[in-house]
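Numbering (my numbering), first residue to last: 89 to 180.
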């Protein structure tokens, strides 16, 4: 993730918390297995970022594309909340 050309790295963690309810279909089951397997690798990568934006998207199923507007709004809200921290990094 980090290279010498990047002064400041912002990561976005959209994985959210792992759902406790049963998967509704095979695609959700496979995605959940994949997500759990990659949790440690994700943690290591996020650790390299200067700032991590974590939108509240855990209530949405990964493949529920009918909720894309809500997910974008959650991302914008999470980013807006961190604007003071982003500005602080950019001015130093």
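Positions of the beta carbon are idealized from the N, C-alpha and C atoms, including for glycine.
Taking residue i as part of the beta strand (DSSP E), name the residues at either end of that continuous run.
i, result
"residue 114", "It is not in any beta strand (DSSP E) - residue 114 instead sits in the alpha helix (DSSP H) that spans 114 to 125."
Tell me the DSSP bridge mates of residue i?
i, result
"residue 139", "98"
From what residue to what residue does the alpha helix (DSSP H) around residue i run?
i, result
"residue 163", "156 to 169"
With 16 as the cutoff for other CB atoms within 10 Å, does residue i come out buried or exposed?
i, result
"residue 148", "buried"
"residue 94", "exposed"
"residue 172", "exposed"
"residue 141", "buried"
How big is the Cα-Cα spacing for residue i and residue j?
i, j, result
"residue 52", "residue 100", "Any property of residue 52 remains undetermined from this structure, which presents the chain solely from 89 to 180."
"residue 112", "residue 177", "42 Å"
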